[in-house]
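Input: a single structure, listed below in structure tokens.
Number of protein chains: 2
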Amino acid sequence: MGRWEPDARGRLERAAMELYGERGFEQTTVAEIAKRAGLTERTFFRHFADKREVLFSGAASLQQLFVTTLAEAPDTAAPIDAVAAALEAAGALMQEGRDRVLLRQAVIDANAELQERELIKQAFLASSIAEALRRRGVADPAAGLAAEAGMAVFKIAFQRWVGPAEPRDLPDLIRDSLAELKALTAAG
Amino acid sequence: MGRWEPDARGRLERAAMELYGERGFEQTTVAEIAKRAGLTERTFFRHFADKREVLFSGAASLQQLFVTTLAEAPDTAAPIDAVAAALEAAGALMQEGRDRVLLRQAVIDANAELQERELIKQAFLASSIAEALRRRGVADPAAGLAAEAGMAVFKIAFQRWVGPAEPRDLPDLIRDSLAELKALTAAG
């Protein structure tokens, strides 16, 4: 990025999300995204491999946040609580960018191919969490189960958060969903 | 199916699985599957939309089994126990067809497109379980959470079952994984 293209990546991202929301993901071209951002297609391809990548480039930082938070949880933290801390950190980040996250979700919900990609990303996140737990010394199957259960909690909290008339923030809903899971498994 | 094609569907399935295992999913054509089964392509397409469908046609009966078992669980069963009963029923069915399930899994593990399709199928199964729980009067978020937690338990049990040197059967591993999840969430 040169000085003549301040925040080119952010501008391209915002332009892409606007266009995906306005006319749909499939109907939007890279040329249009670049034009809306006041940049060239060449600049677009310096930042993103393709127009789909604009929607999924955040996954890497989310994964990094999960892994770091898990690594930094106190040694004494139970696996499920270490996972909960990581989910809440991710939830807080998403809460800050709420409008962007909601717009992104609407774009994904409207396109089967993007939904598949989202499922793959989630499976990859679950693997990363399990791997981070193993590095904390958690054995299998506990590591895999805590990771999958954590993803279940996150998924349900996220669905509530994007749903209608939900006043609570995402970290709050994550805590609430985890408490609900604990109640469900205790009752069984 | 005419009388001159006894168990055409089963023969096509076995032929397809053999060929996918021998030469890979991508390298296998419908013509070859039909030939191996001693049937025509026309017959193949009376039973399956395409060669991918051979691998995923079992999903519908699995989903039906989940939904039926959930509906038939005693009214007094806690949501997580109703889900566990459904998972064990599915696990018993898969245990019976163990060789076929293992071969299918090896084919899927070798192909990214098939893995995506498998993830979609799993997401659909989770939705079906949540919906069946709602019909039992379980409210959200408990219905969604119990369904997702159940899928987590199933996934981990399945991974152990297909892993090396695992002598236990799938229903047993499902019970064990559920107990492990309960211990994990109780400790948190």
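Chains as they are written, first to last, in our numbering: chain A, 22 to 209; chain B, 22 to 209. Even glycine gets a Cβ: it sits at the ideal position worked out from N, Cα and C. What you are looking at is a predicted structure, and each value in this text was computed from that prediction instead of being measured.
Within 10 angstroms of the Cβ of E169 of chain A, are there 16 or more other Cβ atoms? Answer buried if so, exposed if not.
buried
Candidates A:D190, A:V104, A:Q180 and A:L124: closest to S148 of chain A by CA position:
If we check each option's Cα against that of S148 of chain A, A:V104 comes out closest.
Per the contact definition of three or more C-beta pairs closer than 8 Å, is the region 53-61 of chain B in contact with the region 106-120 of chain B?
no
Selection of the region 53-84 of chain A by Cβ proximity to chain B, strictly under 8 Å:
Of all residues in the region 53-84 of chain A, none has a Cβ within less than 8 Å of some Cβ in chain B.
Rounded to a whole number of angstroms, what is the C-alpha to C-alpha distance between G23 of chain A and Q85 of chain A?
Residue placement at G23 of chain A cannot be trusted, given a pLDDT of 49 that sits under 50; the coordinates are not used to answer.
Chain B partners of A170 of chain A, CB-CB under 8 Å?
A170, A173, L202, L205 and T206
If the criterion is Cβ atoms closer than 8 Å, does the pair I141 of chain A and L76 of chain A meet it?
no
Quick check on Q180 of chain A - is its C-beta less than 8 Å from some C-beta in chain B?
yes
Tell whether a beta-carbon distance below 8 Å holds between G171 of chain A and L124 of chain A.
no
What did DSSP end up calling R24 of chain B once you bin it into helix, strand or coil?
Bear in mind that a pLDDT of 48 at R24 of chain B, under 50, signals an unreliable position, so the number given afterwards is only what the model happens to contain. The answer is coil: DSSP assigns R24 of chain B none of H, G, I, E or B.
Sequence-distant residues of the same chain with beta carbon closer than 6 Å to F69 of chain B, five excluded per side:
Residues V75 of the same chain have their beta carbon placed closer than 6 Å to that of F69 of chain B, with the five preceding and five following residues left out of the count.
Going by the beta-carbon positions, is the gap between G45 of chain A and A131 of chain A smaller than 8 Å?
yes
Answer yes or no: do A164 of chain B and R155 of chain B have a C-beta to C-beta separation smaller than 8 Å?
With contacts defined as CB atoms closer than 8 Å, A164 of chain B and R155 of chain B qualify as a contacting pair.
Enumerate in chain order the residues of its own chain whose CB-to-CB distance from I195 of chain A is below 8 Å, with the five nearest sequence positions on each side excluded.
A105, L108, E109, G112, V174, F175 and A178
Backbone secondary structure at T134 of chain A - three-state DSSP:
Strictly speaking, residue 134 of chain A in this sequence is Glu, with Thr absent from that position. E134 of chain A falls in the helix class under three-state DSSP.
Kindly indicate if chain B contains any beta-carbon less than 8 Å away from that of S198 of chain A.
yes
Interface partners of P100 of chain B on chain A, CB under 7 Å:
L205
Determine, for L91 of chain B, whether the minimum Cβ-Cβ distance to residues of chain A falls below 8 Å.
no
Give me the chain B residues within the contact set of E137 of chain A, using Cβ-Cβ distance strictly less than 9 Å, ordered along the chain.
E137, R138, L140 and I141
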